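**Student:**
Number of protein chains: 2
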Amino acid sequence: MLLDMVRILEREAVDVRFPTSARLDGSDAMNEAPDYSAAYLVLRADDGTEGHGFTFTIGRGNELVTAAVATIADRLVGRDIEDIEADLGGFWRWLHSDSQWRWLGPDKGVIHLASAAVVNAVWDLVAKRAGKPLWQLLADMSPQQIVDLVDWRYLRDALTPEQAVELLERRAPGRASRTELLREHGYPAYTTSAGWLGYSDDKLARLCKEAVAQGWDSVKLKVGANLDDDVRRCRIAREIIGPERKLMIDANQTLGVADAIRWASALEDFGIWWFEEPTSPDDVLGHAAIARRIGPTRVATGEHCQNAVVFKQLLQAGAIGFCQLDACRLAGVNEAVAVLLLAAAHGVPVCPHAGGVGLCELVQHLSMFDFVAVSGSMTDRVVEYVDHLHEHFVDPVRMDGGRYTVPTAPGYSARIKAETLAEYRFPDGPVWSARS
Amino acid sequence: MLLDMVRILEREAVDVRFPTSARLDGSDAMNEAPDYSAAYLVLRADDGTEGHGFTFTIGRGNELVTAAVATIADRLVGRDIEDIEADLGGFWRWLHSDSQWRWLGPDKGVIHLASAAVVNAVWDLVAKRAGKPLWQLLADMSPQQIVDLVDWRYLRDALTPEQAVELLERRAPGRASRTELLREHGYPAYTTSAGWLGYSDDKLARLCKEAVAQGWDSVKLKVGANLDDDVRRCRIAREIIGPERKLMIDANQTLGVADAIRWASALEDFGIWWFEEPTSPDDVLGHAAIARRIGPTRVATGEHCQNAVVFKQLLQAGAIGFCQLDACRLAGVNEAVAVLLLAAAHGVPVCPHAGGVGLCELVQHLSMFDFVAVSGSMTDRVVEYVDHLHEHFVDPVRMDGGRYTVPTAPGYSARIKAETLAEYRFPDGPVWSARS
Numbered sequence: 002m003l004l005d006m007v008r009i010l011e012r013e014a015v016d017v018r019f020p021t022s023a024r025l026d027g028s029d030a031m032n033e034a035p036d037y038s039a040a041y042l043v044l045r046a047d048d049g050t051e052g053h054g055f056t057f058t059i060g061r062g063n064e065l066v067t068a069a070v071a072t073i074a075d076r077l078v079g080r081d082i083e084d085i086e087a088d089l090g091g092f093w094r095w096l097h098s099d100s101q102w103r104w105l106g107p108d109k110g111v112i113h114l115a116s117a118a119v120v121n122a123v124w125d126l127v128a129k130r131a132g133k134p135l136w137q138l139l140a141d142m143s144p145q146q147i148v149d150l151v152d153w154r155y156l157r158d159a160l161t162p163e164q165a166v167e168l169l170e171r172r173a174p175g176r177a178s179r180t181e182l183l184r185e186h187g188y189p190a191y192t193t194s195a196g197w198l199g200y201s202d203d204k205l206a207r208l209c210k211e212a213v214a215q216g217w218d219s220v221k222l223k224v225g226a227n228l229d230d231d232v233r234r235c236r237i238a239r240e241i242i243g244p245e246r247k248l249m250i251d252a253n254q255t256l257g258v259a260d261a262i263r264w265a266s267a268l269e270d271f272g273i274w275w276f277e278e279p280t281s282p283d284d285v286l287g288h289a290a291i292a293r294r295i296g297p298t299r300v301a302t303g304e305h306c307q308n309a310v311v312f313k314q315l316l317q318a319g320a321i322g323f324c325q326l327d328a329c330r331l332a333g334v335n336e337a338v339a340v341l342l343l344a345a346a347h348g349v350p351v352c353p354h355a356g357g358v359g360l361c362e363l364v365q366h367l368s369m370f371d372f373v374a375v376s377g378s379m380t381d382r383v384v385e386y387v388d389h390l391h392e393h394f395v396d397p398v399r400m401d402g403g404r405y406t407v408p409t410a411p412g413y414s415a416r417i418k419a420e421t422l423a424e425y426r427f428p429d430g431p432v433w434s435a436r437s
Numbered sequence: 002m003l004l005d006m007v008r009i010l011e012r013e014a015v016d017v018r019f020p021t022s023a024r025l026d027g028s029d030a031m032n033e034a035p036d037y038s039a040a041y042l043v044l045r046a047d048d049g050t051e052g053h054g055f056t057f058t059i060g061r062g063n064e065l066v067t068a069a070v071a072t073i074a075d076r077l078v079g080r081d082i083e084d085i086e087a088d089l090g091g092f093w094r095w096l097h098s099d100s101q102w103r104w105l106g107p108d109k110g111v112i113h114l115a116s117a118a119v120v121n122a123v124w125d126l127v128a129k130r131a132g133k134p135l136w137q138l139l140a141d142m143s144p145q146q147i148v149d150l151v152d153w154r155y156l157r158d159a160l161t162p163e164q165a166v167e168l169l170e171r172r173a174p175g176r177a178s179r180t181e182l183l184r185e186h187g188y189p190a191y192t193t194s195a196g197w198l199g200y201s202d203d204k205l206a207r208l209c210k211e212a213v214a215q216g217w218d219s220v221k222l223k224v225g226a227n228l229d230d231d232v233r234r235c236r237i238a239r240e241i242i243g244p245e246r247k248l249m250i251d252a253n254q255t256l257g258v259a260d261a262i263r264w265a266s267a268l269e270d271f272g273i274w275w276f277e278e279p280t281s282p283d284d285v286l287g288h289a290a291i292a293r294r295i296g297p298t299r300v301a302t303g304e305h306c307q308n309a310v311v312f313k314q315l316l317q318a319g320a321i322g323f324c325q326l327d328a329c330r331l332a333g334v335n336e337a338v339a340v341l342l343l344a345a346a347h348g349v350p351v352c353p354h355a356g357g358v359g360l361c362e363l364v365q366h367l368s369m370f371d372f373v374a375v376s377g378s379m380t381d382r383v384v385e386y387v388d389h390l391h392e393h394f395v396d397p398v399r400m401d402g403g404r405y406t407v408p409t410a411p412g413y414s415a416r417i418k419a420e421t422l423a424e425y426r427f428p429d430g431p432v433w434s435a436r437s
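Top to bottom, those sequences are chains A and B. Take the position in the first sequence, starting the count at 1, then add 1; the result is the number in my numbering. Take the position in the second sequence, starting the count at 1, then add 1; the result is the number in my numbering.
1. So, residue 42(A) versus residue 70(A), is the Cβ gap smaller than 9 Å?
2. Residue 54(B) and residue 122(B): beta carbons closer than 9 Å?
3. Determine the contact status of residue 73(B) and residue 127(B), defining contact as a CB-CB distance below 9 Å.
4. What first and last residue would you give for the alpha helix (DSSP H) that runs through residue 266(B)?
5. Using the C-alpha atoms, what's the distance from residue 414(A) back to residue 436(A)?
6. Are the segment 421-434 of chain A and the segment 16-26 of chain A touching by the rule of at least three beta carbon pairs closer than 8 Å?
7. Buried or exposed: which applies to residue 229(B), given that a residue is buried once 16 or more other Cβ atoms fall within 10 Å of its Cβ?
8. Would you kindly work out how many angstroms separate the C-alpha atoms of residue 288(B) and residue 339(A), rounded to a whole number?
9. Hey, how far is the Cα of residue 277(B) from the Cα of residue 434(A)?
10. Would you say residue 401(B) faces chain A, with C-beta separation under 9 Å as the test?
11. Short of 9 Å Cβ to Cβ, which residues in the segment 296-315 of chain B face chain A?
12. Going by DSSP, which residues form a beta bridge with residue 14(B)?
13. Would DSSP call residue 2(A) helix, strand or coil?
14. So what's residue 361(A) in DSSP terms, helix, strand or just coil?
15. To the nearest whole angstrom, what separates the beta carbons of residue 351(A) and residue 371(A), a pair I think is in contact under 8 Å?
16. Short check: CB of residue 250(A) to CB of residue 208(A), under 9 Å?
17. Within the 9 Å Cβ cut-off, does residue 102(A) reach chain B?
18. For residue 152(A), I'd like the list of residues in its chain whose CB is within less than 6 Å of its CB, leaving aside the five on either flank, ordered along the chain.
19. Roughly how many whole angstroms lie between the Cα atoms of residue 224(A) and residue 265(A)?
20. Would you tell me roughly how many angstroms separate the C-alpha atoms of residue 2(B) and residue 77(B), rounded to the nearest one?
21. Check this for me: beta carbons of residue 325(B) and residue 62(A), under 9 Å apart or not?
22. Below 8 Å on the Cβ atoms is my contact criterion, and I expect residue 110(B) with residue 109(A) to pass it. Report the Cβ-Cβ distance as a whole number of Å.
23. Could you spell out the range, first to last residue, of the alpha helix (DSSP H) harbouring residue 336(B)?
24. With DSSP as the reference, label residue 299(B) as helix, strand or coil.
25. Does the Cβ-Cβ distance between residue 314(B) and residue 282(B) come in under 9 Å?
26. Looking only at its own chain, which residues have a Cβ that is under 7 Å from the Cβ of residue 256(B), when we skip the five neighbours before and after it?
27. If you drop the 5 nearest sequence neighbours on each side, which residues of the same chain put their C-beta closer than 6 Å to that of residue 362(B)?
28. What three-state label does DSSP hand residue 324(A) in the structure shown?
29. What do you reckon, are the CB atoms on residue 342(A) and residue 375(A) nearer than 9 Å?
30. Who are the neighbours of residue 257(B) on chain A, taking C-beta pairs under 7 Å?
31. If you draw a straight line from the C-alpha of residue 328(B) to the C-alpha of residue 411(B), how long is it?
32. At the 9 Å Cβ level, is residue 162(A) part of the contact set with chain B, yes or no?
33. Check residue 219(B) in the structure and name its three-state DSSP category.
34. When DSSP labels each residue in this structure, what does residue 153(B) get in the three-state scheme?
35. Exposed or buried, which one is residue 35(A) when buried takes at least 16 other CB atoms within 10 Å?
36. Could you give the uninterrupted runs of the alpha helix (DSSP H) lying entirely in the segment 105-131 of chain B, keeping only those of 4 residues or more?
Following this line, the structure appears as structure tokens:
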């Protein structure tokens, strides 16, 4: 038995950063000059398999997250990967059970971001060993296996494990036909590339035209710094995309509750589908108050929602019309599955946050799993797409006419090219050493 | 003008840890073996003044917080302290305005804990330069000056700055007489020292007897691991302390909502004054659901409440009967002032979390300021007291008959002795190098 054990032999954590602030890609009212970054982890097992995982940050402080990734991953070195595979829910709880580390969150901030990288790397490793892309690995699990991935301690008042099993069992008969649909048609996307706040009106107009020409059904604009500017920019966008396509706005948390309502009111003539991150991601009651006032525009949030407990409350309070979970802000696949289950039980579509570094690569798997096994629906569901940095991934997303095509390679599509890691490693890679 | 400028010359960040896990001091159902620690900061100004500040953790990971403290404090080096003194609210917003760092929270977890150490060190420096203990420095400010310390962006839906000024102005005429009361009688405390979960029944009984003999009016027990044990321990405690003294319980976040209600119900015969941390500190709606079910026992929480936005909601939802803010979990004095104002406006008493390393030393200032200038009341208000580690502080708390006496030395009572820093520095101080 011991002889057959497959252990995790070693871990390597890398601080990798892209100097995106130079071009204002990714600029918004809150994040005026991000350098898109990843705290990146490689796990190597003694059967030769590797697991790759990361979490996303926007620059300074990525060294802290990388240090936390390394320390958390140290707990895995020497562990039997088959033990982990046999109880992936128990693994997640074990990883989060160190009380001294927990104090630093709990379940939020730097240590939770770091935990995401570790959990995601383990899932990449497990999916590769199973020879399946992650979405399929999940979609092939039984309802009980899926439910057992989740830590239910703080969630039962909104959804019990038994109710979750029942929900998944109702969807089980349709899994095969939905998998076929997915392989044939892919999964719908929307683009944020047009609307970064730092871009000029001319660039905004040009990018909106290009988005329409490329077949996008919807466009999202960053707002929240100046209302007059935002009225002008929404007018430009709506004129170009026409009355049918969807227009979303995103304030990136810059507004208080009353200002958010004022903003939505001033922009309502432009037919806003959703209003994203109107205020603090911690403010469940604030989002609920905004949601009650701005219909038919729906509130969307999630990229900064720290854990499943916050999503649970947003859903309980009727505070969101769209759930924008983040594959790296939540502590990896297990917690994302928890949120997919909660959202499905509350009838709220999940439209994951993406962009950044590699978030598109990850969340496509979560949405496809959601479609096949959890919500069973693509209605009102779109995955964010931003055309940045995909060239650095070994298995990048493949878009086709505004839709994500199904990933087929085993794993979680998380692997960054070795030459990218060497070039963009902070602070000693040539891209950065040349700047200092 | 430039010649008179007083700059912050340098900063020193120290990872200091006490091996408290060896004796199970501080053990509870969630935190089974903490090593009480501080991420400690010294700021040195070129007029010779020093500012000392820290945040509290329970061991592993303190190196991350210390690294974050150092990086955040680097932003202060070279800054004019008189500029900071002229706009302490603007200083707080500036310190929290780096969008790349903000991404790692926002306003929570490791970077927020680190920010607390930096903000607290600045306030210690400012109070020393003013020649006043911190509580008095705050209590001598005008209502508008106090309100200007706060970042109101996400708080206005619960309390406007104008309402806060009005609240403070109503209390202003009584400040002088309340200051006299305070100097004469001190501020009421309660002890947690008796009830750590790792202690045996015999030790619990002995410590409860000692608490009564020492004049304590109330005792708090840790619960949440096993209900039968907790019933037995509460019975022991209630028998010893008698029917008049107050008994509180603290589950340290171990329970879900339904279990918390079950626990409170099983223990209600013992006359529980408050039920502390029944569930996840992120669960505003969960605390509200518990509060609705367990009266007359009141819900208390706060030591893990990450920021003022969470406290705002707990107050808005009627979820807490006691607000247990933490001087280091919140980002220092400014954010604590925000929570004191919100709590006073909602009529909820603030009973700060203390214990740990130096938390008693800090929060006595906050509660005394609250009494003199904000709530104007000591009713239902007690500051936690734990008799650990005070010997390491230059200006430790002085207790008199179960009450905190008024600190008189200038500053925030945050300074740890130089010999302690040398001895307990992690990992190279002799206390730790001898263990490895």
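Each residue gets a CB set at the ideal place from its N, CA and C atoms; glycine is no exception. Just so you know, these numbers come straight off a predicted model, no measurement behind them.
**Tutor:** Short version:
1. yes
2. yes
3. no
4. 258-268
5. 30 Å
6. yes
7. exposed
8. 21 Å
9. 51 Å
10. no
11. 305, 307, 308, 310, 311, 313 and 314
12. 42(B)
13. With a pLDDT of only 45 at residue 2(A), under the threshold of 50, the placement of this residue in the model should not be trusted; the figure read from the coordinates follows. Residue 2(A): coil per DSSP, three-state reduction.
14. helix
15. 6 Å
16. no
17. yes
18. 94
19. 10 Å
20. Any reading at residue 2(B) needs caution, since the residue's pLDDT is 45, under 50, leaving its predicted position unreliable; the model's value is listed next. If I take the Cα positions, the gap works out to 20 Å.
21. no
22. 5 Å
23. 333-346
24. strand
25. no
26. 225, 264, 279 and 280
27. 394, 398 and 414
28. strand
29. yes
30. 154, 155, 157 and 158
31. 18 Å
32. no
33. strand
34. coil
35. buried
36. 110-131
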